[in-house]
Amino acid sequence: MARIVGGIGCSHAPSIAHSYDRKLQKDPMWAPLYDGWEPAKEWLTRLKPDLMVVVYNDHMNRFFFDAYPSFALGAADRYPQADEGWGPRDFPDFPGHAAFSWHLAQSLVEDEFDPTICQEMSVDHGILSILPLLTDTHWPAPIVPIAANVIQHPIPTPRRFFRLGEAIRRAIESYPEDMRVLVVSTGGMSHQLHGPRFGFLNPDWDNEFMDRLEGDPISLTKLTHAQYMERGGAESVEIVMWLAMRSALGEKVRRVHRHYYAPMLTGYGLVAFEGA
Amino acid sequence: MGSTYRDEPIAGTTVFTGARSHQGYRINKLAMSLTDQAKRDAFRADERGYMAKFGLTEREMDLVARRDWTGLVDAGGSIYVLLKIAATVGQNLLQIGAQMRGETLDAFMAGRPGKQGTAVERKG
C-alpha cells in the first residue's frame, strides 16, 4: 500500500528561478530564502519519497484560455519544462509515473473529481522554480502534476481544494504498491502583480494563513476568493492550493519546518508537515 | 453568495474574470504565442505585422507598441501572459509594476514594501 509520508506547501515564483540560475544563493537578498529552506531540503533528503504529487498552477505555458482546465492531471512518464518566454532552464525533464497517474485518475473520478487527463504535459515555474531549492538531485523521485485554474475566474472554491486533497489521500492509500508519497502544493503567498496595488505584501496575513493551515485549516475553506484577494493581493488567491496538501495529510499534522521571508514582490513561505 | 468571486470591487485591482478573458482574448493569444523562440524572433522583427495575424485592433496594437501595461490590463490582458511580451521586448515585472503604479523604476525600488522593513522573517 502506498502512503503519504509528508507534505510541503511553498510559494513559487519566476524570481526564485532567476535567483537560482544567476547563482544568487549567497546574495544578501536571497540568502535568507535559501538558508531558510535548507532544513526542508535536509528533511526531504532523509524522507526519500518514491513519488511526489504536486498541486500547482500553470501560467499559460501548457494551457491557454482557448481551453483552460479547472483541474488537469498529468499521466505521462516524462514531463518536459515549458518555455515561459525566457527560454528553457538547464534542467532535465521530470520523470513521471503513468501507472500511478491512471490510478489517481480512476480514484478521483470515482470521488467525483473529473480532471482533464494529459498524456503530454509540460510544466512551468509552478514546479520548476522551487524543487531545485529542495533537492540537489535532479530529480529525486517521479512527479505527478495536478494543475489547477487559479487565474481565470471562476476558479474552484477553497473548499474544493480541501476536498481535492482528501481525494488525493484516498487515491494514494488505495494504490496497491508500497510507495512513500510526498504531497506538495505550490503558490502564493501575498502578492499583487497589476494595477495601482502592484507590489502589495501582507506578511501578517501570510503568517496567519500558515498558523491556520496547520491548526485550523477548515476555517480557511470558509473564506471567499474576494477575501483572499483583499488580504493577500489578487494573484495571491492561488494560496488556496495549499489546502489540498494540508487536507491530504489528515486531521492533525506535525510541523517539521516553517519559514517566511518577503524581501521583494511576493511573500515566500514554506511549511513542511508530517501526519500526526 | 458562494465563495467564488462575483465582481466585488477590490481597490486598485482588476480581477481576471471570464468577461475580461473574453475581452482580452486576442491580446492574450498573441502573448501566449511568444513561448517559442522563432515566434519571439518574428515578433521582434516586425511587431505590427506579427500582431495583425492575431487580429488585434489598431488600438490594441498601439497599447503593445507603447508598452502600455496598464492599458493592456484594462483591455483584458492577463498579467501572466503579458509577461511573455515583456520578456520578448526586454522588460521585466519590476518595470511593469512601476509603470502600473505611476512611478519611475527607481522610485518603486526605493519604496517597495519589502525594502521598507515590513517584510518579516519568522521561523517555526
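Chains W and H, in that order, are what the protein sequence lines are. Sequential numbering of the first sequence, starting at 490, is according to my numbering. Sequential numbering of the second sequence, starting at 129, is according to my numbering. All C-beta atoms in this analysis are idealised placements derived from N, C-alpha and C, irrespective of residue type, glycine included.
Residue closest to residue i, alpha-carbon to alpha-carbon, out of the options
i               : options                           : result
A565 of chain W : W:V673, W:G688, W:I632 and W:V494 : W:I632
A723 of chain W : W:N691, W:L738 and W:N696         : W:N691
Y557 of chain W : W:P621, W:M610 and W:Q641         : W:Q641
V494 of chain W : W:V673, W:F687 and W:R669         : W:R669
S131 of chain H : W:V745, W:R686 and W:R649         : W:R649
A475 of chain W : W:T755, W:A761, W:L754 and W:E727 : Absent from the structure is residue 475 of chain W, since the part of chain W shown begins at 490 and ends at 765.
V672 of chain W : W:E531, W:A660 and W:D516         : W:A660
P521 of chain W : W:D603, W:Q595 and W:G756         : W:G756
L617 of chain W : W:E727, W:D603, W:T605 and W:E573 : W:E573
K537 of chain W : W:L712, W:P665 and W:W628         : W:W628
D625 of chain W : W:R535, W:Q681 and W:V542         : W:R535
A214 of chain H : H:A193, H:A203, H:G204 and H:G230 : H:A193
E763 of chain W : W:K741, W:V542 and W:H714         : W:K741
H460 of chain W : W:P647, W:F689, W:K512 and W:C607 : Since the first and last residues shown for chain W are 490 and 765, residue 460 of chain W lies out of range.
D613 of chain W : W:R658, W:H680, W:A502 and W:Q570 : W:Q570
S679 of chain W : W:L754, W:P528 and W:E601         : W:L754
F651 of chain W : W:G739, W:D603, W:E719 and W:W591 : W:G739
Simplified DSSP assignment, three categories, for residue i
i               : result
L682 of chain W : coil
P634 of chain W : strand
M718 of chain W : helix
E599 of chain W : helix
A813 of chain W : An answer regarding residue 813 of chain W cannot be provided, because it is not within the stretch 490 to 765 covered by chain W.
G495 of chain W : strand
I606 of chain W : strand
V209 of chain H : helix
A538 of chain W : Reading off the sequence, residue 538 of chain W comes out as Pro, not Ala. Correct three-state label for P538 of chain W: coil.
V742 of chain W : strand
M518 of chain W : coil
T646 of chain W : coil
F762 of chain W : strand
M668 of chain W : strand
V201 of chain H : helix
Y568 of chain W : strand
V673 of chain W : strand
P584 of chain W : strand
A247 of chain H : Low confidence applies to A247 of chain H: its pLDDT is 35, below 50, so where it sits in the model is not reliable, and the reading given next is rough at best. Coil, per DSSP.
H748 of chain W : strand
Y133 of chain H : coil
Integer-rounded CB distance, given that residue j should sit under 8 angstroms from residue i
i               : j               : result
G684 of chain W : M228 of chain H : 6 angstroms
G677 of chain W : S725 of chain W : 5 angstroms
L540 of chain W : F589 of chain W : 6 angstroms
G615 of chain W : H548 of chain W : 7 angstroms
N156 of chain H : V201 of chain H : Not confirmed; about 11 angstroms, so no contact.
V767 of chain W : P634 of chain W : No statement about residue 767 of chain W is possible, as the shown extent of chain W runs from 490 to 765 and does not include it.
P647 of chain W : L702 of chain W : With a Cβ gap of about 11 angstroms, P647 of chain W and L702 of chain W do not count as contacting.
Residue burial classification, residue i (beta-carbon count within 10 angstroms, cutoff 16)
i               : result
I449 of chain W : Any answer about residue 449 of chain W is impossible in this case: the structure gives chain W only from 490 up to 765.
D169 of chain H : exposed
H748 of chain W : buried
H150 of chain H : exposed
G704 of chain W : exposed
K212 of chain H : buried
P577 of chain W : exposed
P645 of chain W : buried
A247 of chain H : Any reading at A247 of chain H must be qualified, since the residue scores a pLDDT of 35, below 50, and its modelled position is unreliable; no value is offered.
G496 of chain W : buried
G230 of chain H : exposed
G177 of chain H : exposed
E662 of chain W : exposed
M490 of chain W : exposed
E188 of chain H : buried
L184 of chain H : buried
Legend entry - Interfacial residues, the segment 649 to 680 of chain W to chain A, with Cβ spacing under 7 angstroms: Note that chain A does not occur in the displayed structure, where the protein chains are W and H.
Legend entry - Members of the segment 196 to 208 of chain H that neighbour chain W once the beta carbon cut-off is set at 7 angstroms: V201, S206, I207 and Y208
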